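The opening position of the sequence shown corresponds to residue 1 in UniProt numbering, with each subsequent residue numbered one higher.
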Amino acid sequence: MVVAAPLRAQDGAATEEAAEGAPAAEMAAEEEVEEAEAPPTIESLSADLAAFQGDVDTLWTCLAAFLVFFMQAGFALVECGFTRAKNACNIIMKNLMDFSVGSLVFWLVGFGLMFGATNGFCGTTLFIFDGASDAALETNSNVGFNWAFLIFQTVFAATAATIVSGAMAERTKFVSYLCYSFLITLIVYPIFGSWCWGGLYAGGGWLEGMGFLDFAGSTVVHSVGGWAALAGAIVIGPRIGKYTADGKIKPIPGHNIPLAALGVFILWLGWFGFNPGSTTAVGGGSFAYIAVTTNLSAAAGAISALAVSWIMFKKPDTSFALNGALAGLVGITAGCDIMSPMFAAVTGLVAGVLVVFSCVFFDKIKVDDPVGAVSVHGVCGAWGTLAIGLWAGDVGILTGGGSAQLITQAIGVAAGFGWAFGTSLVIFLLLKFTIGLRVPAEEEIKGLDITEHGMYAYPPHLVSESLGGTPGGSPAMSTSTSGAVTHGA
């Protein structure tokens, strides 16, 4: 008790001191709040706006990447529809695996080769890419955008790889397909891409330095895939029954044209991510303009291919009309950002004409391309890249730019062909003479679904019926004498 009294006295004194100090504490707190609620400065507003803009650009780039990813479904359906029922499972597996393999390979190595700090030939940094790493942040301090850029470029790489699938359909070993998809995503696509697009991130390519223009990849993606497809089709040879002993072309109809048509519409939709998404930004609304030029070219390509095939084969050929739309899409991809709507439509019109004559030409020289990949992507990709030098923006010959840009574009097209075709030819020959590239004849006749994967895409009795009768495995017959129905993107 004696001790407690002084303690209570001390407590009272402390309480009085606290009471006296309360107003001062409250005033200090109010001053802190006032300081915290001080009006924003121009600098702080600018920083907030920049952060918001970066987040919006990241969102747009991701959404565009998702649209381009959906194009894998389009490619799969087009290839399935324009080939025979007995190979549908195999085609689905190839499109699934080239994206799966390509995603891993491009993340591990391809992105670095394409966008890393360059030695003049390819990137040498950013392997096993990490958007939050010091190397990435030196290029772009927005971690979210770094990851968005990776996924966007990954779906582009997968597109280049899957183009090859159609040209070599119905006779390629599955294990060999996995090998060349791996190598195309590892070497062929990213190294050429570094020449043209390396400066979009940390690198800088020699074609880019020359002023070569290819906004979304008519050459970088489509022609590279198309020329690789040409090398593969030449090395593997035509399908059994495609050409007769006396050299005549024997049509091998696809088994499901509506399925192919659905694939084309999906690809058309996906292209609104492919081209407008290549802005990787929403500022200024340029992505909307690009969507318009992209659409006009596709529509014009479908109409011109329809008209030409109607004149040539006396019937409006569905397969060529579908291919014409894809030809227009590929053709406008290079110059979609700087071409006027009128010239975008003209570019598509020319692409639609080219794809018809190109498919017929490759058939005549016995390059069996079941889905027209070489014509749609290789030929029309080159055309669209050259068209920039004719009438794009203020750099084309017809728009006051002189011939310099056309020469630069031609150099880029030639470099793309030389690199993609030459490197791919070596890859396919190595596979042919090592593990083998083509399935045995009896497996090709039975179909790759049952021989390679042990299953059927459709009820077995329907596949059995397709094996008897016409080589096409479908009651649908082409109206064109050149086997036009065998062509699709």
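No residue lacks a Cβ here, since even glycine has one placed at the ideal position from N, Cα and C.
Values in this document were obtained by computation on a predicted structure and should not be read as measured data.
With distances taken between CA atoms, F106 lies nearest to G123 out of G123, I92 and N119.
Three or more beta-carbon pairs drawn from the region 337–352 and the region 386–393 are found closer than 8 Å, and the two stretches are therefore classed as touching.
Around the beta-carbon of I365, fewer than 16 other beta-carbon atoms lie within 10 Å, marking it exposed. Distances from the alpha-carbon of I234 to those of F421, I42 and L296 put F421 closest.
Restricting attention to N256, T185 and A216, the CA atom closest to the CA of F287 is found in A216. The C-beta of G352 has 16 or more other C-beta atoms within 10 Å across all chains shown, which makes the residue buried. With fewer than three CB-CB distances shorter than 8 Å, the region 396–416 does not count as touching the region 354–371. For the set T279, S297, I311 and Q53, the Cα lying nearest the Cα of A345 is the one of S297. A straight-line Cα-Cα distance of about 11 Å links E43 and A50.
Taking the CA atoms as reference points, G263 sits about 38 Å from S141.
Counting only unbroken stretches of 4 or more residues, the alpha helix (DSSP H) elements lying wholly within the region 173–203 are 174–183 and 189–197, in sequence order. For the region 122–181, not one full-length beta strand (DSSP E) segment reaches 3 residues or more.
Between A65 and F152, the gap from beta carbon to beta carbon is short of 8 Å. The beta carbon of S278 lies closer than 7 Å to those of F215 and A216 in the same chain, with the five residues before and after it left out.
Taking 8 Å as the cut-off, the beta carbon of E442 is found no closer than this to the beta carbon of R171.
Note on the region 352–408: there is no whole beta strand (DSSP E) run with a minimum of 3 residues. Y458 carries a coil assignment under DSSP once its states are collapsed to helix, strand and coil. Within the same chain, and ignoring the five residues on either side of L178 in sequence, the residues whose Cβ sits closer than 7 Å to its Cβ are M97 and V101. The beta carbon of V68 sits closer than 6 Å to the beta carbons of V155, G270, G273 and F274 from its chain, once the five residues preceding and following it are set aside; these are given in chain order.
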